[in-house]
Structures are given as structure tokens and as C-alpha cells.
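Take a look at the structure below.
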């Protein structure tokens, strides 16, 4: 009993601290960008293996084992799901996923800000869907920085009806959905694309997501995880690509010996621009519809992958962000960014899912597009040039580790 | 008999002249861009209502009524179809369409060159499909000019098997194609997108095409015309838009009193970016699957529409090409060009048809993309600004004439 009171006091103190931090976070966002109205000033804290819950009334506290140490004061904005809901289901995969993606968002944004000039920070845009009960997201964008030309890190947590179009596409992917039922889905995911200024720093993309689907009667339930991290260099530095793949492989190897090779191939196959006959970049890992293992194990795997983003990418940023750049190299970077746009608009499954979702928040989906792109008719790099070298790798993917 | 000899002599003289001109045309193209090998040095001449045909042997001449005056010496390159085939079928719609689009291509390219600085000319790229018997095209591109940032005018004449994917999409459009038959198609069309440098000069797109389709036994024949011309201004000059629509309306009114209003609405509906809730531009005319009238009448209509391109657009180029431009206006132009890319890659039927055609010539299809485009997160023009004014028109199409 005494222990519970102590925990309650700790929670109150922490919540007050968080409320103060949230005010600071709120000050970062520009008024024009904010759609969500006022931030919730209470939050969920999971600390030191013990979860502390403060209700809206600030009077109820409960203690419980939690798998990781999370301090929400460092989140870019308060979580999307109402606190009372998260408090009521601390072990629910929805709660765990939402807290994980918010932690990753914050850690990645802060790491990138560390590579920028002083005062260049992410703009935090916390938004709700048209129908606020369907959830929303937190989109963090840094534009026109010294190191990053456009960096977007978005989390989404939403529950919405599954449109007929999406239902058909789910069936095409092998999900067994009876024709006579209406379905709704829950999705929680983090998605990020970083377009650096220097052509010698590659673009990175990652996306980790958890889906649930069920019919209107709560039957025909499905759940799965998906995600991946992939690299798009403009110039080939083999050491960079090996480091990047090596870190991803380590994350995979901690879970299943065949994960890396399976998901590396999946990535090469997925990021393929058929009409160009080339891949978007040098790959990484990609997987979808993962549902054949214990969800807790899958969550552990996805968490490890998300935690591998910073060590796989930040060394490349630090190494190249001040490299000398010629006009020709900049032009090549912009041409390749045009190709990036082509993949994202024509093939990307997440973008298409967004286009097919009624009232989707297009700005958050297309945050992945570069600030600048270029298309020249019949541009072909001459054999032997560094520009040619990278296109050869895009046409014929290699094993890097 | 004497008359036939005279005609034969005239034809020989004209062909020699054409052969000389063709050598000059061939000199324009850069070696890197040429895929078609050597140009054919004979050509088909239709002059003064009398068609003069010179065979490969230069010995056969025939006289026949022809609907228009065409001098191939002014074409950007020799026609795609072999001369003997064209010679054999002067009244075939395939022949007439090929000659019409080649004439329009040349006239439009020369008119645009007239607005450029001295020496700034179109590069002429005559190409064949992977399987040369399937035809090819002539792609004319002018990049990085003083007036035009990227101008592409492409003609294609091809015969190819209809892929299963395209067969399904044809059925979805209402074409009755038996499931157990293999189909091939013939297509002849001109397609052009002009992206000027000055943000006060609108972008124009036009495309006129003729399709034929039949099964492997030569049965189940279908034919139709499609096309349209539409304008995408970055800033709204109502006089420009009225002139543009007025010229298109005149062309339509010469054929059917309801054509303009039907095709104007079709255009507004077609160039709609659903996920943005806005149209690509201020419209124009658009139609497809036109097959309900006599083909000769349809051809006359399509020809009139294609002939309306220069008078609908050149006055706007002349009027604005030297307008003063601020950095802010240039930035807005690039943002809107990003939207243009979105429409073309996500929705455009011609682009999708190209993506779905095996061994399609992607560079000619994506010639429509601008040299530069820009995407900013959450860019919203402030109410009352000229940038805001144009977006209002894109959201709520108006009647202009």
C-alpha cells in the first residue's frame, strides 16, 4: 500500500515535469502547422521497468512491469491515443507500438538535429484525422537545413474503416476477408525519409508498422507487422553500404538466422522501378505481413530494427556532410531524386495505401518527396564515371555483408 | 499518260529536295540520342490537293485527291512507317493520322523555336521500338532554353500486342474484347508538354491520338480517337485563359455544337488530382474513345483541334515571356510543377498505358516531366495572394467563354 502511494507521488511529480516539457514542445510548432488544437497535458510514463500511470484526474496510479524504459518528456509531442486508453491497456500491442514509435521518432529527430547548425530544429506538427476519433499523427519536418535539405519523420496512429478498394488490395495480398463484411483497421507506424544536402550523404528511408484488422462484429481478426530500412546513395562508397547493411544484419541475426537474407532480397525486389529496370537504391531490409510468430517476438524484432536506424546511418552523415561538392554532382543528385519521386508516386505501397484511404493526410504521406528534383530527357552517365558506377549497382544488386 | 510523266518528274524533283532536307535534319540530332540508325531518304509528299508518291525505286507515281497540303520536307524527321506502306494506303486512316501528327509536330516545334534565342533548337530523336517492326517515334526536346525550360513534342506510331493488363483496362473502359482472343493494337499520336521558364507563361499539354485494335484473326475490330489540349498557369491571367478556351471552342464549334461544353467538362474531370482535391490547371478540352461518328469527320475534328494549339498558346508565350519575375514567383512555379509531376505519375492514362506496355520507351513518356520540381511540407498560399487566387480556380473550375 505504502509502495503504491510512493509510486503515485513519483507519477505526479513526473507528470508535472512532462506537462512543462509539453508546453515547450508546443512552442516549437508554428501556429499555421498545427491542426490538433491544444496538446493534452498529461502523459503516460514508463520508467525503469515500472510503468507509472497518471489519469486525467491525476489520482489513480498503478504499477506494472514494462519491457523498456520510456520517458515521454522526450517525445516530440504527446501520444495520439488518449491517455486513459493507453493507461487501461499497457500490455496491449497497440500501446506498446505507439510508445515505441514515439520514442524512435524523438531519438532520430534529435540525432539529426545534432548534425545541423545551431537553431535548426524540426517543426512538430501534431494533427488529427478529419474525424478526430480516427486518430492522427505527429509529423516532424526539417526543411532547408545546412545538412538536411528535407528530413521528415512521421508517426501515425489511426483506426478507420477499410475502404472497398483497400479491402480488395488486402485480399490480393492473401488476407482472408469475407466479401459480405465491413472491416476496420488499426495502424500504428513510423515512417521517415531523409534527403541530405550533400550528394555524398545517402538518402535513408525507414518505416515500421503494426496493423490490426477486424470485421464489424469483431470477428475475422488479422494482425501483422511490416517495415524496413533502405539506403539510396547518389555516389557509391562501398564502406558506407557495408556498414549500413552490417548494422541491419546484426539486428536481424539477434532474432532469426534467415531474416537478413530473406528481408534483404525482399527489399531488392520491392524497391524495383520496373519501367527503369533499376532499384531505388542499394537496398537494406524490407518485410510485410509478418504474422507467423508470437507477436511479442515480432515486436521485439521490429523494435531492434528501428533501434538500428541511428547506428546504420548517422556515421555516414558525419563522414560525408562536409565533403566537397561539384555542380555536376549536385545535378546528378537532383536527377536521382527525380527517380526517387517516380518510385514513391508509382510503386510505393504505403503511398498508394494513403491515396486509397479516404481523407488521408496527403502532406504527411508526401513528406517523403525531396525539396528539389530534376528530370532531363535521355540523361545517361558515361561508362567509367562515378555516376555510371552507382547505376550499375542499381541494375544488379550485390551482397554487401 | 503525258500528265503521269509530268507528275513523275515533279515527284522526283521534290523527293531529291526532301532527301537534302532530311540530311540537314539528321545533322541536328546528336549521335548519343539517335537510336533509329540512318534516316530513310525517300518520303511521301502530299501537295496542293494532289498526292505524289515516289517509291523506293523512284519510278512509280500516282495522283489522287488528298484532304490537306503536306510538305514532308518540313517534318522534324522522316515518318515512322515505311514509305512503301504509306504509298500503298494513302487514304488509310493510319497514313492520314501519321502525316497529320508529323506536320503538327514540325509546325509547333518551329513556332516554339521562334520564341527562343538564336541557335536554340529542338533536338530530334528518331527511335524504333525494341522490335523495330513494332514502329517507333520521333521525340523532339528543347531543354534549358531562354524561353522554355523543357519543351517536349513527341509523335509515336506503333503496332504491338496488347498485354493482358492493357486488355483488362480496355474492357474496364467498355471495349468488348472476347477473353479467349489475343489482341494487337495500332496507335498513332502526338503528345506534347511545354514547361516555360517564366512563371507568368502557363504550361501547355496536348495529345491527339488514333487507336485501332483487332484480334489475331483480324476480327473484333475497334477504332477510336482521343485527345485534348489543356493549360496549367502558375498565375491567373483571366484574359489568357479566355483566349485559350475561346480558340479551343471555335475549333469544337466547327464540328458539333455540344463538343466544347462536353469536352471542357471532361477535361475538368479528367485532370483531377483526387488526393489534393484540385485540378492540374484551368482545363481546356479532353475526350477519349470517340467512335460514334464517321472516322473521316472525327479525323477532321482532331486535326482542327491540333491546328488550334499554336493560336491558343503562342500569344500567351509572346505576352509574358519577358515579364519580371521574383524569387517567390519562381519558387511557386516549382511547387506547382511538383503537382504536375503528381498528376502525371499517379493519374495520367497515357503514362499508365506506357508503364503497362512491355518495352515502352520511358524517356519519351516521361519527357512530360519538368526540368525542376519542388515539394515543401504544408506549403499553403495566404488568402488574398495571387498564389491563393489560382488555387481557388483549381479547386472550383469556372466557365471561361
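Chains as they are written, first to last, in my numbering: chain L, 168 to 568; chain H, 168 to 568.
Note that beta-carbon positions come from the ideal geometry of N, C-alpha and C, so glycine has one too.
Please read all numbers here as calculations on a predicted model, not as lab measurements.
Taking CB atoms only, residue 426 (chain L) has no neighbour in chain H less than 8 Å away.
Closer than 8 Å at the C-beta level to chain L, one finds these residues of the region 293-327 of chain H: 306, 308, 310, 317, 319. The beta carbon of residue 338 (chain H) lies closer than 7 Å to those of 344 in the same chain, with the five residues before and after it left out. Bridge pairing for residue 328 (chain L): L:351 [DSSP]. As for any beta strand (DSSP E) of minimum length 3 sitting wholly inside the region 507-547 of chain H, the runs are 539-541, ordered along the chain. When 8 Å is used as the limit between beta carbons, residue 536 (chain L) is near these residues of chain H: 505, 542, in chain order. Short of 7 Å from the beta carbon of residue 482 (chain H), and not among the five residues preceding or following it, lie these beta carbons of its own chain, in chain order: 410. Between the region 529-536 of chain H and the region 318-328 of chain H, the count of Cβ pairs shorter than 8 Å is three or higher; the stretches touch. In the DSSP annotation of this structure, the continuous segment of the beta strand (DSSP E) that includes residue 372 (chain L) starts and ends at 370-382. Distance from the CA of residue 347 (chain H) to the CA of residue 447 (chain H), rounded to the nearest whole angstrom, comes to 39 Å. Measuring C-alpha to C-alpha distances from residue 311 (chain H) to each of L:550, L:568, L:541, L:559 identifies L:541 as the nearest. A straight line joining the alpha-carbon of residue 353 (chain L) with that of residue 251 (chain L) spans about 18 Å.
Cβ neighbours of residue 505 (chain L) within its own chain (closer than 8 Å, five residues either side excluded): 540, 541, 542. Contact annotation for residue 332 (chain L) against chain H: no contact, minimum CB-CB distance about 12 Å [criterion: below 8 Å]. With contact defined as three or more Cβ pairs closer than 8 Å, the region 358-367 of chain L and the region 327-334 of chain L are not in contact. Taking the C-beta atoms as reference points, residue 564 (chain L) is found no nearer than 8 Å to residue 459 (chain L).
For residue 272 (chain H), the uninterrupted alpha helix (DSSP H) run begins and ends at 260-280, by DSSP. Cα atoms of residue 277 (chain L) and residue 374 (chain L): separation of roughly 18 Å, rounded to the nearest angstrom. Our two residues, residue 456 (chain L) and residue 488 (chain H), have alpha carbons roughly 53 Å apart in a direct line. Closest by C-alpha distance to residue 325 (chain H), out of H:359, H:302, H:520, H:510, is H:302. The beta carbon of residue 291 (chain L) does not come within 8 Å of any beta carbon belonging to chain H, so the residue lies off that interface. By the neighbour-count criterion, in which a residue is buried when 16 or more other Cβ atoms sit within 10 angstroms of its Cβ, residue 526 (chain L) is exposed.
In this structure, the alpha-carbon of residue 268 (chain H) lies about 29 Å from that of residue 349 (chain H). For residue 530 (chain L), the chain H residues whose C-beta falls within less than 7 Å of its own C-beta are 544, 545, listed in chain order. For residue 411 (chain L), the closest Cβ of chain H is not nearer than 8 Å. Shortest Cα-Cα distance from residue 369 (chain L) to any of L:406, L:386, L:466 involves L:406.
A straight line joining the alpha-carbon of residue 479 (chain L) with that of residue 315 (chain L) spans about 17 Å. Under DSSP, residue 496 (chain L) forms no beta bridge with any residue. The alpha-carbon separation between residue 367 (chain L) and residue 422 (chain H) amounts to approximately 58 Å. Within the same chain, Cβ atoms closer than 7 Å to the Cβ of residue 501 (chain H) are found at 539, 540, 541, the five residues on either side in sequence being excluded.
Per DSSP, reduced to three states, the secondary structure at residue 436 (chain L) is helical. In the DSSP assignment, residue 404 (chain L) falls outside any beta strand (DSSP E), carrying neither H nor E. Listed by position along chain H, the residues whose Cβ is nearer than 8 Å to that of residue 527 (chain L) are 442.
Residue 475 (chain L) carries a coil assignment under DSSP once its states are collapsed to helix, strand and coil. Around the beta-carbon of residue 431 (chain H), 16 or more other beta-carbon atoms lie within 10 Å, marking it buried. In this structure, DSSP gives residue 485 (chain L) a helical state, which the three-state scheme calls helix.
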